[in-house]
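Trainee: Before I ask anything, here is the structure I am working with.
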Amino acid sequence: MDDRGNAARSLRLEMRGITKRFPGTVACENVDFDLRRGEIHALVGQNGAGKSTLIKILAGIHARDEGSIHVEGRPIEHLTPRSAHDLGMRFIHQELNLVPQFNVAENIVLGDLYPLRRASRFIHWRALNRKARRILDDLSISIDPRRPVQSLTVAEQWMVAIARALYSRGSILVMDEPTSSLAREDVHELFALAQSLAAKGTSIIYISHRLEEIFELAERVTVLKDGRKVITTDIASLSLPQLVAHLVGGRPQELYPTIEADRTLGSVVLEVDRLASADGRLSEISLSLRGREVLGVTGLLGAGHNELAELLFGVRGRVGSGRITVDGKAYAPRNARAAISRGMALVPPERRSQGIVGEMSLWENVILAHLRRFLVDPITRIVSRRRAKSTTREQMMSLQIVATGPDQEVADLSGGNQQKAVLAKWLLREPRILLLSEPTRGIDVSAKAEIYGLVRRLADAGSGVLFVSTEVEELAGVCDRVLVLRQGRMIAEIERSALTAHRIMEACYGG
Amino acid sequence: MTPSANERTSPGVLARLSGIRRYGIIVCLVLLFACFALLRPEIFPTLGNLIAILKQVSLLGILAAGLTICLALGDFDLSVAAVATWSGVMVAALLPSMSMWLAMPIVLAMGMGIGLVNGFFAAVIGISPFIVTLATQTMLRGLTLWYTGGYSLYSGIPRAFVRIGRGTFLGVPYLVYVMVLVYVLIYIAANRMAFGKKLYAVGGNPTASRFSGIHVVRVHLLAFVISGALSALTGILLAARLSSGQPRAGEGLLLSAFAACFLGATTFRVGRFNILGTLVGVLFIGTVNNGLVILGVPFYLQYVIQGAILVLAIAASRLARSRVQEA
Amino acid sequence: MTIDRGSGISVRRRLEDVVLKGGRYGTVLGLLILVGVFAILKPNVFLTPRNLLNILNQISLLGICAAGLTVCLAMNEFDLSVGAIATLGAVLTAGWLPSVHPALGVPAVLAVCCGIGLVNGLVITTLRVSSFMTTLGTMTVLTGFSYWYTSGSGSILYSGIPKAFLAIGKGSFLHIPYMVFFMAGTLVALHVLLNHTMTGRRMYAVGGSPEAARFGGIPIRRLKTLGFVLSGGLAGLTGVLLVARLGLAEPTIGDRFLFDAFTVAFLGAASIRVGQFHILGTLIGTLIMGTIFNGFTLLDVPYHLQLVVQGAILIAAVTSAGLWQNLLQTVRLRAATSRRETPAEEGHDDA
Numbered sequence: 219m220d221d222r223g224n225a226a227r228s229l230r231l232e233m234r235g236i237t238k239r240f241p242g243t244v245a246c247e248n249v250d251f252d253l254r255r256g257e258i259h260a261l262v263g264q265n266g267a268g269k270s271t272l273i274k275i276l277a278g279i280h281a282r283d284e285g286s287i288h289v290e291g292r293p294i295e296h297l298t299p300r301s302a303h304d305l306g307m308r309f310i311h312q313e314l315n316l317v318p319q320f321n322v323a324e325n326i327v328l329g330d331l332y333p334l335r336r337a338s339r340f341i342h343w344r345a346l347n348r349k350a351r352r353i354l355d356d357l358s359i360s361i362d363p364r365r366p367v368q369s370l371t372v373a374e375q376w377m378v379a380i381a382r383a384l385y386s387r388g389s390i391l392v393m394d395e396p397t398s399s400l401a402r403e404d405v406h407e408l409f410a411l412a413q414s415l416a417a418k419g420t421s422i423i424y425i426s427h428r429l430e431e432i433f434e435l436a437e438r439v440t441v442l443k444d445g446r447k448v449i450t451t452d453i454a455s456l457s458l459p460q461l462v463a464h465l466v467g468g469r470p471q472e473l474y475p476t477i478e479a480d481r482t483l484g485s486v487v488l489e490v491d492r493l494a495s496a497d498g499r500l501s502e503i504s505l506s507l508r509g510r511e512v513l514g515v516t517g518l519l520g521a522g523h524n525e526l527a528e529l530l531f532g533v534r535g536r537v538g539s540g541r542i543t544v545d546g547k548a549y550a551p552r553n554a555r556a557a558i559s560r561g562m563a564l565v566p567p568e569r570r571s572q573g574i575v576g577e578m579s580l581w582e583n584v585i586l587a588h589l590r591r592f593l594v595d596p597i598t599r600i601v602s603r604r605r606a607k608s609t610t611r612e613q614m615m616s617l618q619i620v621a622t623g624p625d626q627e628v629a630d631l632s633g634g635n636q637q638k639a640v641l642a643k644w645l646l647r648e649p650r651i652l653l654l655s656e657p658t659r660g661i662d663v664s665a666k667a668e669i670y671g672l673v674r675r676l677a678d679a680g681s682g683v684l685f686v687s688t689e690v691e692e693l694a695g696v697c698d699r700v701l702v703l704r705q706g707r708m709i710a711e712i713e714r715s716a717l718t719a720h721r722i723m724e725a726c727y728g729g
Numbered sequence: 005m006t007p008s009a010n011e012r013t014s015p016g017v018l019a020r021l022s023g024i025r026r027y028g029i030i031v032c033l034v035l036l037f038a039c040f041a042l043l044r045p046e047i048f049p050t051l052g053n054l055i056a057i058l059k060q061v062s063l064l065g066i067l068a069a070g071l072t073i074c075l076a077l078g079d080f081d082l083s084v085a086a087v088a089t090w091s092g093v094m095v096a097a098l099l100p101s102m103s104m105w106l107a108m109p110i111v112l113a114m115g116m117g118i119g120l121v122n123g124f125f126a127a128v129i130g131i132s133p134f135i136v137t138l139a140t141q142t143m144l145r146g147l148t149l150w151y152t153g154g155y156s157l158y159s160g161i162p163r164a165f166v167r168i169g170r171g172t173f174l175g176v177p178y179l180v181y182v183m184v185l186v187y188v189l190i191y192i193a194a195n196r197m198a199f200g201k202k203l204y205a206v207g208g209n210p211t212a213s214r215f216s217g218i219h220v221v222r223v224h225l226l227a228f229v230i231s232g233a234l235s236a237l238t239g240i241l242l243a244a245r246l247s248s249g250q251p252r253a254g255e256g257l258l259l260s261a262f263a264a265c266f267l268g269a270t271t272f273r274v275g276r277f278n279i280l281g282t283l284v285g286v287l288f289i290g291t292v293n294n295g296l297v298i299l300g301v302p303f304y305l306q307y308v309i310q311g312a313i314l315v316l317a318i319a320a321s322r323l324a325r326s327r328v329q330e331a
Numbered sequence: 007m008t009i010d011r012g013s014g015i016s017v018r019r020r021l022e023d024v025v026l027k028g029g030r031y032g033t034v035l036g037l038l039i040l041v042g043v044f045a046i047l048k049p050n051v052f053l054t055p056r057n058l059l060n061i062l063n064q065i066s067l068l069g070i071c072a073a074g075l076t077v078c079l080a081m082n083e084f085d086l087s088v089g090a091i092a093t094l095g096a097v098l099t100a101g102w103l104p105s106v107h108p109a110l111g112v113p114a115v116l117a118v119c120c121g122i123g124l125v126n127g128l129v130i131t132t133l134r135v136s137s138f139m140t141t142l143g144t145m146t147v148l149t150g151f152s153y154w155y156t157s158g159s160g161s162i163l164y165s166g167i168p169k170a171f172l173a174i175g176k177g178s179f180l181h182i183p184y185m186v187f188f189m190a191g192t193l194v195a196l197h198v199l200l201n202h203t204m205t206g207r208r209m210y211a212v213g214g215s216p217e218a219a220r221f222g223g224i225p226i227r228r229l230k231t232l233g234f235v236l237s238g239g240l241a242g243l244t245g246v247l248l249v250a251r252l253g254l255a256e257p258t259i260g261d262r263f264l265f266d267a268f269t270v271a272f273l274g275a276a277s278i279r280v281g282q283f284h285i286l287g288t289l290i291g292t293l294i295m296g297t298i299f300n301g302f303t304l305l306d307v308p309y310h311l312q313l314v315v316q317g318a319i320l321i322a323a324v325t326s327a328g329l330w331q332n333l334l335q336t337v338r339l340r341a342a343t344s345r346r347e348t349p350a351e352e353g354h355d356d357a
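First to last, the protein sequences are chains A, B and C.
Quick note on numbering: the first sequence equals residues 219 to 729 in the numbering used here.
Quick note on numbering: the second sequence equals residues 5 to 331 in the numbering used here.
Quick note on numbering: the third sequence equals residues 7 to 357 in the numbering used here.
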């Protein structure tokens with residue numbers, strides 16, 4: 219990376235003393251944040267630290283209570299989504315916000331002026347495609363602008379979203395957790411794109427929980443904690459443990475629980491023999507999972523590891539060939555109910571859309587998979603609130619779920635606590651096999667550590683845990699063994715003794 | 005492709021504790037009541053009139069209760085009124101030739117069957133319930149017209165049957181007791197029973213519910229069957245009250261039922277369709293109607309005022325809520 | 007319910023391809039079948055140019071009303087007041103034209119109806135009441151108004167309507183009724199709006215992804231309000247033309263347009279651009295309705311049976327469209343995960 223650490227470089231964005239209060243809480247207190255021209259500036263902080271509030275203020279969705287904002291040196295009094303857009307700010311979120319019915323070209327031009335024919339003022343479609351093509355070429359993206367956006371992969375959709383930001387002459391790009399749903403190789407492509415944008419003068423605010431990536435991509439980093447700015451500094455002058463320390467306060471924290479060597483494992487709970495999915499995305503998958511074991515599964519995008527957990531649980535895809543046995547008896551994945559009756563449980567990757575019912579309370583979510591246990595009697599089928607709530611309180615203590623009480627709406631909890639609620643739900647069923655699919659996605663550091671501890675505790679209690687993830691660091695830290703998939707096939711199995719993040723990465727790439 | 009049943013933004017904890025926002029419609033109701041009471045103090049606030057209000061809304065109430073269950077899932081059941089009309093006609097057609105204790109269950113079963121058909125296309129095949137029930141209600145209207153030829157069926161209706169629709173016990177009409185019973189049962193089902201948990205879980209997040217082992221399709225089917233059953237019950241009681249099966253009986257009920265449910269979704273459990281809220285909505289509509297009639301307002305003006313009050317009431321409660329939002 | 011269905015057997019794949027290409031045209035196929043059936047059952051009557059023009063004439067008003075509704079639906083908004091606005095348009099026209107020249111009266115009526123649409127749009131976008139409830143309220147208010155307005159004359163207005171105006175309803179140019187021209191003009195104009203103007207494309211963006219539209223700086227409120235204005239104005243036009251055709255107005259005259267317009271628009275969303283509300287689809291839906299109505303009338307089938315058939319066709323159309331969409335999703339899912347089967351694998355015929 220060139221040396222761009224010139225502090226005298228012009229400030230594109232300057233936020234000073236930003237304060238925002240909500241009833242009962244202060245989301246941001248006296249936060250400073252600035253952004254240089256052509257800079258990639260990472261913004262990190264745990265959930266509730268104030269990142270999203272700060273960004274929403276920038277986007278014109280919330281109005282700041284105190285503080286000043288200057289864009290290119292000009293003070294900005296009143297910010298609305300429209301004026302933020304006019305000032306050159308572009309926001310790309312997890313949900314991407316592309317219009318599914320449109321093709322790539324129309325999505326790129328969304329919100330901007332379409333090229334019109336001179337006489338009729340109708341849309342000049344060919345000119346539109348040409349312009350889109352030009353932008354895509356500039357960014358070295360090889361996607362046909364006429365393709366419907368629904369047919370693109372997630373990584374390609376991110377590219378389109380970035381192309382859109384650039385087309386509309388965005389000068390400040392805010393990327394919110396871009397890599398959560400991407401696999402390694404796409405992440406590198408994305409980073410290359412971001413860096414070329416920065417080289418051309420675009421300023422990027424990069425928000426992510428993946429600390430390792432920040433070291434790879436960003437120039438400076440700002441850490442927020444409890445609504446206040448902790449530090450803004452050059453990445454080069456910081457180490458990962460120091461960064462973690464700033465994030466959570468206190469001494470650098472051990473993220474991963476210690477795993478005793480030579481643990482005794484239970485009997486085989488899940489045996490998969492040459493499993494192939496009907497659509498061909500998985501083939502020749504063989505594994506055996508024992509009780510008290512945490513088995514990791516990973517791979518690059520398209521490797522099929524994401525589908526494995528959901529295939530086994532019966533909620534995605536169909537088995538083409540192969541045999542699965544659970545506790546020695548044959549098992550055919552049909553649907554979630556069948557899987558649950560065999561003692562399986564799934565923590566799905568998309569927490570908000572697959573894991574929790576946001577509008578319901580904590581206790582209602584916790585008992586959801588095991589309503590039968592909480593009936594006053596089987597005839598009236600009335601739920602015993604008293605028992606449900608007391609059980610929930612037990613879970614809250616045991617899993618350290620932070621909430622005002624069992625009645626709190628789950629949507630109001632932080633991501634980490636929501637995930638713990640999902641775990642609590644399954645714990646009530648005492649599953650033999652726990653399938654975890656990207657369990658720490660989008661969760662802040664301290665909650666991650668707690669979840670790792672929980673996973674090990676669960677394993678120690680007797681369950682077999684299948685841990686599917688693309689974060690190689692956590693796999694190395696939490697699992698007993700790791701299976702590596704590539705294009706639907708198993709290519710490596712890494713035992714505890716050789717288990718490092720580096721080794722896993724190597725194996726993913728076929729080394 | 006269905007209209008958004010859930011209009012709210014997520015309110016902060018404090019906003020939900022603030023009483024005014026949640027009970028906005030109830031406040032409106034009380035205010036309205038006070039207005040009418042002041043304008044016609046000798047007629048309006050009397051016990052007899054209050055009972056009359058309850059009687060007038062009892063059938064609307066039963067219909068709206070079933071609709072609430074469907075709406076909790078986000079399923080718009082447009083066929084409730086048509087099922088009621090059809091059921092009224094059917095029961096009137098059957099009564100001359102059999103005991104009413106046989107005719108009524110048969111018609112109820114018919115209503116449940118229609119609900120099952122609705123649910124099948126909506127939940128098993130996966131078509132938007134709006135369209136399914138739009139189609140179903142069109143077909144039912146056609147069938148009703150075909151069967152009755154446009155005429156009312158009034159011969160052979162036993163007195164005992166009519167007494168159900170018009171009789172009273174301790175001064176309160178049977179219809180009101182039925183409505184109260186229905187609301188109690190539906191309340192228990194939706195708020196205390198396991199079914200209710202499943203209902204709101206599926207309504208809130210069908211995927212998460214499915215992953216948790218809930219039989220999503222079955223929940224939808226059950227909701228439509230309940231709606232169909234209560235619609236049929238409404239139709240039966242309507243026929244009892246009118247002492248005839250009329251092919252145009254249920255017409256005004258559809259939109260009023262939706263209005264009551266939507267009004268109800270602005271109170272108690274804000275943004276969610278709930279049975280107590282629907283009850284308030286039903287009472288609200290009934291009070292407005294009753295008051296306007298007592299004031300001697302000509303019926304077309306009633307329409308105007310009803311419509312205006314409806315929109316104003318909902319708008320007001322949304323405004324009151326949005327003042328404290330920002331999450 | 008949308009569980010990824012795999013497919014490893016090639017015959018099934020070929021079938022899927024056929025269904026894929028053909029599924030979009032399911033309703034068109036249905037329309038052709040209907041035409042065929044009626045042509046066979048009433049050989050010398052149905053397929054005559056006169057009768058076909060008759061069909062177009064009969065559906066022209068529904069087409070205009072449904073086209074306006076389609077614009078709202080494209081933005082995920084429901085306008086339940088179209089029937090009541092049509093009634094209002096009719097009632098006001100019949101009420102004003104006896105004393106006001108049509109060249110003044112008709113635009114005035116249209117302005118009022120557009121104004122109602124404006125009110126709908128403003129309440130929905132600024133007060134954020136759902137479109138369902140707002141238009142429900144508007145509909146109730148307008149129904150009451152129409153009843154009141156006609157109450158003085160025993161509920162029907164029919165006297166004093168200028169003959170020249172009535173001539174529009176019955177007249178034709180080159181054997182094609184004026185009504186059909188009105189419908190054609192409306193459909194073409196709205197089609198161009200939605201597909202070739204920025205405003206229209208932005209409307210689709212609002213419908214397709216409201217968040218994308220918001221963050222893209224698209225003026226959502228303005229567009230939605232415009233949608234309701236169009237819907238209201240065209241419903242009003244429907245009412246005006248109703249008077250031209252029937253020579254009278256009464257307070258239930260517009261009622262059937264509500265359900266019919268929705269039916270037709272949803273039929274349209276099951277055609278060609280499946281899952282999207284669009285003008286061409288609405289036209290197809292309208293043609294289907296008109297064909298049924300016409301054919302059944304020729305066959306002396308009573309109105310109520312038409313209703314039954316209408317409902318059945320709606321369900322059939324949407325069912326097949328839904329199944330088709332599932333199929334499409336499956337195929338797209340397969341394509342999107344960068345795993346392409348080599349042509350060699352398709353070789354074996356497992357039939």
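Heads up, the beta-carbon is just placed ideally off N, CA and C, and yes, glycines get one too.
Here the structure is a predicted model, which means the values were calculated and not measured.
Rounded to the nearest angstrom, how far is the Cβ of I190/B from that of I73/B, given a contact under 8 Å?
Mentor: Confirmed, Cβ separation roughly 7 Å.
Trainee: What distance in whole Å lies between the Cβ atoms of V322/A and V372/A, which are believed to be in contact at a cut-off of 8 Å?
Mentor: That pair is no contact at about 14 Å.
Trainee: Could you tell me which of L259/B, N195/B, T172/B sits nearest to L82/B, measuring between CA atoms?
Mentor: Of L259/B, N195/B, T172/B, the residue nearest in Cα terms is L259/B.
Trainee: Secondary structure at G695/A, three-state DSSP: helix, strand or coil?
Mentor: The answer is helix: DSSP assigns G695/A an H, G or I state.
Trainee: Please identify, using Cβ separations under 7 Å, the residues of the stretch 311 to 330 of chain A that lie next to chain C, in order along the chain.
Mentor: Listed in sequence order: E313, N315, L316, V317, P318, Q319, F320, E324, L328, G329.
Trainee: Would you mind stating whether I167/C and G253/C have Cβ atoms separated by less than 8 Å?
Mentor: Cβ atoms of I167/C and G253/C: closer than 8 Å.
Trainee: Could you check which residue in S248/B, N294/B, Q310/B has the C-alpha nearest to that of L54/B?
Mentor: Of S248/B, N294/B, Q310/B, the residue nearest in Cα terms is N294/B.
Trainee: What do you get for M607/A, buried or exposed, if any count of 16 or more other CB atoms within 10 angstroms of its CB means buried?
Mentor: Residue 607/A is actually Lys in this sequence, not Met. It counts as buried.
Trainee: Check each candidate in A320/B, F48/B, L120/B and name the one with the smallest Cα separation from V87/B.
Mentor: The shortest C-alpha separation from V87/B is found at L120/B.
Trainee: Please specify which runs of the alpha helix (DSSP H), each continuous and at least 4 residues long, are wholly inside the stretch 444 to 513 of chain A, giving them in chain order.
Mentor: If we require 4 residues or more, the alpha helix (DSSP H) runs fully inside the stretch 444 to 513 of chain A come out as 458 to 466.
Trainee: What is the rounded straight-line gap between the Cα of M723/A and the Cα of R590/A?
Mentor: For M723/A and R590/A, the distance between alpha carbons rounds to 44 Å.
Trainee: Using the Cβ count rule (16 or more neighbours within 10 Å means buried), how would you classify Y332/A?
Mentor: Buried, since its Cβ has 16 or more Cβ neighbours within 10 Å.
Trainee: Using a Cβ-Cβ distance under 8 Å, would S300/A count as near chain C?
Mentor: It should be pointed out that residue 300/A corresponds to Arg in this sequence rather than to Ser. Output row for R300/A: interface = yes.
Trainee: Can you check which of these residues, A69/B, L42/B, S159/B, P109/B, is closest to S248/B by C-alpha distance?
Mentor: The residue with the shortest Cα to Cα distance from S248/B is S159/B.
Trainee: Residues in the same chain with beta-carbon distance under 7 Å from T142/B, minus the five sequence neighbours each way, listed in chain order, please.
Mentor: Excluding sequence neighbours, T142/B sits near nothing in its chain.
Trainee: Taking the alpha-carbon positions, what's the A194/B to F173/B distance?
Mentor: Roughly 29 Å separates the two Cα atoms.
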